[in-house]
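**Q** Everything in the sequence shown is counted per the UniProt record's numbering, starting at 1 for the first residue and increasing by one.
My questions will all concern the structure given below.
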Amino acid sequence: MKSETLKSHFKLHFVVLIYGFTAILGKLITLPATQLVWFRMLIAAVSFYLYFRIRKKSFRVSRKDLLQILGVGLIVGAHWITFFGAIKISNVSVTLGCLASTTLFTSFLEPLFYRRRLNLLDIFIGLMIIAGLYMVFRFETQYTAGILVALTSAFLAGLFTVLNKKLIAHNSASVISFYEMLGGFAGISVFLAVTGQLNLSSLQMTGMDLFYLLLLAVVCTAFAFAVQVDVMRELSAYIVALTINLEPIYGILLAFFIFGESEQMTGGFYAGTAVILLAVFGYPVYHHYKRKRSLQKA
1 MKSETLKSHF KLHFVVLIYG FTAILGKLIT LPATQLVWFR MLIAAVSFYL YFRIRKKSFR
61 VSRKDLLQIL GVGLIVGAHW ITFFGAIKIS NVSVTLGCLA STTLFTSFLE PLFYRRRLNL
121 LDIFIGLMII AGLYMVFRFE TQYTAGILVA LTSAFLAGLF TVLNKKLIAH NSASVISFYE
181 MLGGFAGISV FLAVTGQLNL SSLQMTGMDL FYLLLLAVVC TAFAFAVQVD VMRELSAYIV
241 ALTINLEPIY GILLAFFIFG ESEQMTGGFY AGTAVILLAV FGYPVYHHYK RKRSLQKA
């Protein structure tokens, strides 16, 4: 494996660990999901802007790319709203477990956008993850609404991951992330204004909410999101989505240690996460040995 590719894998796993902590912050923040994401994207956009100004870097893009990036930002915003909404109507473990289905959605979306043939192995891995989800939620019927919202979030995650793969070919990760934060913020602002929620009373927060939001926006959003986009220079959208499936593992462990019994699930849940983990690690291991075998034959 090339050194740059290996570095990208390490960066991606670090980002996934940060994403696991994102769910913890989502549960700690008392704001509704839509307002939470509105603040998150606003603070993240300001953070990127200050970064460009301090480092004296250009953030210009073509008009065509700008419209596309802003559009993807709307998808990112919708993904986060459904993600935090699922946490608030179920719990961290349920939401993160459902996000593993992002891989299955990506295995169909990537060939569609790039006009490639469906990869049977990709689909098989995705089906393994679905089997894991079935094991996880077979006895968790009280979380049906949370599961449906989380699955919607997973689809949106797969969609913006594939779209970002196209955008990174012509723009830097930080510039893409900046305009996506702006696009999502603008879209949510319009929604809040139309529904009469863009006012001081609905946007009030506690001091701890502000602290958690800053941590969420600067570290778990601006930094982590830019790194995720950047590693796609070396890694495919499918590999990125597959690795992000580790987010449930990291997040569930963090949630259990932080929140205790409220995050304790059935034995089926932990068996299912083991199947998901096997799929995540099995894919790159299979390709490693397949590549090694082809080199030996050559």
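For every residue, glycine included, the Cβ atom is placed at its ideal position computed from N, Cα and C.
Since we're looking at a predicted model, the values are computed, not measured.
Which of helix, strand or coil does DSSP assign to H79?
**A** Helix, per DSSP.
**Q** Using only alpha-carbon positions, find the residue among A226, Y134, Q228 and S101 that is nearest to I123.
**A** Among A226, Y134, Q228 and S101, the Cα nearest to that of I123 belongs to S101.
**Q** Give a yes or no on whether the C-beta atoms belonging to I158 and G272 are separated by under 8 Å.
**A** Before going on, a small fix: residue 158 reads as Gly here, not Ile. Contact: no.
**Q** Please say whether I188 and V15 have beta carbons closer to each other than 8 Å?
**A** Contact: no.
**Q** Could you check whether E234 and S3 sit closer than 8 Å to each other, using their CB atoms as the reference points?
**A** No, Cβ-Cβ distance for S3 and E234 is not below 8 Å.
**Q** Does P32 come out as helix, strand or coil in the three-state DSSP assignment?
**A** In this structure, P32 counts as coil in the three-state DSSP scheme.
**Q** Ordered along the chain, which non-local residues of its own chain (more than five positions away) have a Cβ less than 6 Å from that of S90?
**A** Once the five neighbours on either side are set aside, the close Cβ partners of S90 are Y143 and G146.
**Q** Beta-carbon separation of I69 and G183 under 8 Å?
**A** Contact: yes.
**Q** Once the 5 residues before and after I244 are set aside, which same chain residues still bring their CB inside 6 Å of it?
**A** Correct list, in chain order: V16.
**Q** Under a three-way DSSP split, which group does N164 fall into?
**A** Residue state, collapsed to three classes: helix.
**Q** On the DSSP letters alone, give me the boundaries of the alpha helix (DSSP H) that Q228 sits inside.
**A** Unbroken alpha helix (DSSP H) run through Q228: A224 to D230.
**Q** Roughly how many angstroms separate the alpha carbons of V231 and I130, rounded to a whole number?
**A** Distance between the alpha carbons of V231 and I130 is about 26 Å.
**Q** Could you tell me the distance, in whole angstroms, from the CA atom of L127 to the CA atom of L104?
**A** Approximately 7 Å, taken between the alpha carbons.
**Q** Kindly indicate which residue of V162, L12, I24 and L28 has the alpha-carbon position closest to the one of residue 299.
**A** Here the chain comprises residues numbered 1 to 298, so residue 299 is not present and cannot be evaluated.
**Q** Does V76 pass the burial test, meaning 16 or more other C-beta atoms within 10 Å, or should it be called exposed?
**A** Looking at its Cβ environment, which holds 16 or more other Cβ atoms inside 10 Å, V76 is buried.
**Q** Measure the C-alpha to C-alpha separation of residue 305 and V229 and round it to an integer number of angstroms.
**A** Since the first residue of the chain shown is 1 and the last is 298, residue 305 is not available in this structure.
**Q** Using 8 Å as the threshold, is the C-beta distance between A224 and Y19 below it?
**A** Yes; because the gap between Cβ atoms is below 8 Å, this pair is in contact.
**Q** Can you list, in chain order, the stretches of the alpha helix (DSSP H) that have 4 or more residues and sit fully within the region 31 to 109?
**A** Here the runs fully enclosed are 33 to 55, 63 to 89 and 92 to 98.
**Q** What whole-angstrom Cβ distance do S177 and A237 have, given they're in contact under 8 Å?
**A** The Cβ separation is near 16 Å, so there is no contact.
**Q** When we look at the beta-carbon of H170 and count the other beta-carbons within 10 Å, is it buried (16 or more) or exposed?
**A** Result: exposed.
**Q** With 16 other CB atoms within 10 Å as the buried threshold, where does G73 fall?
**A** Looking at its Cβ environment, which holds 16 or more other Cβ atoms inside 10 Å, G73 is buried.
**Q** Excluding sequence positions up to five away, which residues of its chain have a Cβ less than 6 Å from the Cβ of L213?
**A** Here the set comprises F39.
**Q** Among residues of its own chain, excluding the 5 on either side of L12, which ones have a beta-carbon nearer than 6 Å to its beta-carbon?
**A** Correct list, in chain order: V231 and T243.
**Q** Around the C-beta of M208, are 16 or more other C-beta atoms found within 10 angstroms, so that it is buried, or is it exposed?
**A** Looking at its Cβ environment, which holds fewer than 16 other Cβ atoms inside 10 Å, M208 is exposed.
**Q** Determine the closest residue to L203 out of L31, F257 and Y286, with distance taken between C-alpha atoms.
**A** Measuring from the Cα of L203, the nearest candidate turns out to be L31.
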